[in-house]
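Enquirer: Counting in this note's numbering, the sequence shown runs from 38 upward without gaps. Yeah, the Cβ is synthetic: ideal placement off N, Cα and C, and Gly gets one too. What you are looking at is a predicted structure, and each value in this text was computed from that prediction instead of being measured.
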Amino acid sequence: MIRRVSMVLCLCLILCAATSASAKVSGREVDYKAGDTVLKGYLAHDTAVKGKRPAVLVVHEWWGHNEYARKRARMLAELGYVALAVDMYGDGKTARHPDDAGRFASEVMKNKAVGEARFNAALDFIKQQPTVDSARVAAIGYCFGGGVVLHMARQGTDLKGVVSFHGSLGTDSPAKPGMVKAKVLVFNGDADKMIPPEQVAAFTEEMTKAGASFRFVGYPGVLHSFTNPDADAFATKYKLPMAYDKKADLDSWAQTKVFLKEIFSK
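1. My output table needs one value for Met-125: the three-state DSSP class, helix, strand or coil.
2. Would you say Gly-204 and Leu-187 are within 8 Å of each other, going by their C-beta atoms?
3. Within 8 Å of any Cβ in chain B, is that where the Cβ of Ala-150 sits?
4. Distance, Cα to Cα, Ser-143 vs Lys-130?
5. Judging by CA-CA distance, which residue of Asp-128, Tyr-281, Arg-191 and Gln-166 is the nearest neighbour of Lys-149?
6. Take Gly-258 as the anchor and find which of Val-237, Lys-246, Asp-282 and Leu-277 has the nearest alpha-carbon.
7. For Lys-218, tell me which candidate among Ala-239, Ala-176, Met-231 and Asp-209 has the shortest Cα-Cα distance.
8. Met-216 to Gly-193, Cα distance in whole Å?
9. Measuring alpha carbon to alpha carbon, tell me which of Thr-241, Val-221 and Val-200 ends up nearest Gly-207.
10. Can you say whether Gln-292 is buried or exposed, counting buried as having 16 or more other CB atoms within 10 angstroms of its CB?
11. When DSSP labels each residue in this structure, what does His-188 get in the three-state scheme?
12. Looking only at its chain, what residues have a beta carbon closer than 6 Å to the beta carbon of Ala-71, apart from the 5 residues adjacent to it on each side?
13. Let me check one thing: in DSSP terms, what residues is Thr-264 bridge-paired to?
14. Ordered along the chain, which non-local residues of its own chain (more than five positions away) have a Cβ less than 7 Å from that of Asp-247?
15. Have a look at Asp-124 and Gly-183 and give me their C-alpha separation to the nearest angstrom.
16. Does Asp-68 pass the burial test, meaning 16 or more other C-beta atoms within 10 Å, or should it be called exposed?
17. Check whether the Cβ atoms of Gly-127 and Arg-90 lie closer than 8 Å to each other.
18. I believe Ala-270 touches Met-279 by the beta-carbon criterion, under 8 Å. Please report the beta-carbon distance rounded to the nearest angstrom.
19. Mark Glu-243 as exposed unless 16 or more other C-beta atoms lie within 10 angstroms of its C-beta, in which case mark it buried.
20. Do Glu-365 and Val-62 have their CB atoms nearer than 8 Å?
21. So the candidates are Cys-180, Phe-296, Asp-227 and Lys-284; which of them puts its Cα closest to the Cα of Thr-255?
22. Measuring CA to CA, which of Val-237, Val-145, Gln-165 and Phe-224 is closest to Phe-296?
23. Is it buried or exposed, Ser-57, if we count other Cβ atoms within 10 angstroms and call 16 or more buried?
24. If Leu-113 and Ile-163 are in contact, beta carbons under 8 Å, what's the gap, nearest whole angstrom?
25. In this structure, does DSSP put Thr-84 in helix, strand or coil?
26. At which residues does the alpha helix (DSSP H) containing Pro-234 begin and terminate?
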């Protein structure tokens, strides 16, 4: 299903937006492995929440596992989830220039077996945490990370749901009928020059033919990387077609909170 939105937050989103005053979010760096590759993640949870709870993997932008991914993990922890900001590049490697970011991302996307192994290593790691209900795990991703979580959903990975924010929609491994187990939510800017309209059309057709439970939200006039406040600085410094959009950022996060609540309650 594809939908255009006006970016007005409804009352039901506001009601679930409040953060508990008793929240005590704890975050720590963690190491896990995929084969011989050491992956450096960041695990966050609210120590005030007792017992096992759902978990969410956070897959970084093409810049690598940086503070932005960790911030999103803490935001999820504030909602009562255990969150792991994953490392898809290995050894916590990050990029400072788009050329390096593109190369790092391409290395993973071209070698699907490596990318899948690194994602699954993070999934196994978070399921082993004593505070996690291993039957209730989802994944969200930004830019490169959005493409990663959609790829894993296409492969039939056992996740309750995936959310892609301004992520790549194209694939050379389209989902087969009945393969997608996770519910899928996608947010993209209609003016995103990196995600052309034909890619959106192909994605919606693919998901429909696969029988997937999905929803696509397009934001009119919004560019790539709209959730990241650093996007404007990147655009200026490197002449990239991206821009932060506060309304789209807040709306997509509010809808994500509702989505997570729904998939984890079933």
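Expert: With the structure as the only source:
1. coil
2. yes
3. Structure shown: chain B not included; a single protein chain is present.
4. 14 Å
5. Arg-191
6. Asp-282
7. Ala-176
8. 5 Å
9. Thr-241
10. buried
11. The DSSP-derived three-state label of His-188 is helix.
12. Here the set comprises Ala-154, Arg-155 and Ala-158.
13. Answer by DSSP bridge pairing: none, since Thr-264 is not bridged.
14. It should be pointed out that residue 247 corresponds to Ala in this sequence rather than to Asp. These residues qualify, in order along the chain: Ala-212, Lys-213, Pro-214, Met-216 and Val-217.
15. 14 Å
16. So Asp-68 counts as exposed.
17. No; because the gap between Cβ atoms is not below 8 Å, this pair is not in contact.
18. So it is not a contact: roughly 10 Å between Cβ atoms.
19. buried
20. Limits of the chain in this structure are 38 at one end and 303 at the other, which puts residue 365 out of reach.
21. For the record, residue 255 in the displayed sequence is Gly; it is not Thr. That would be Asp-227, whose Cα lies nearest to the Cα of Gly-255.
22. Phe-224
23. In this predicted model, Ser-57 has a pLDDT of only 44, less than 50, meaning its place in the structure is not dependable enough to derive any value.
24. Rounded, the Cβ-Cβ distance is 12 Å, inconsistent with contact.
25. coil
26. 234–247
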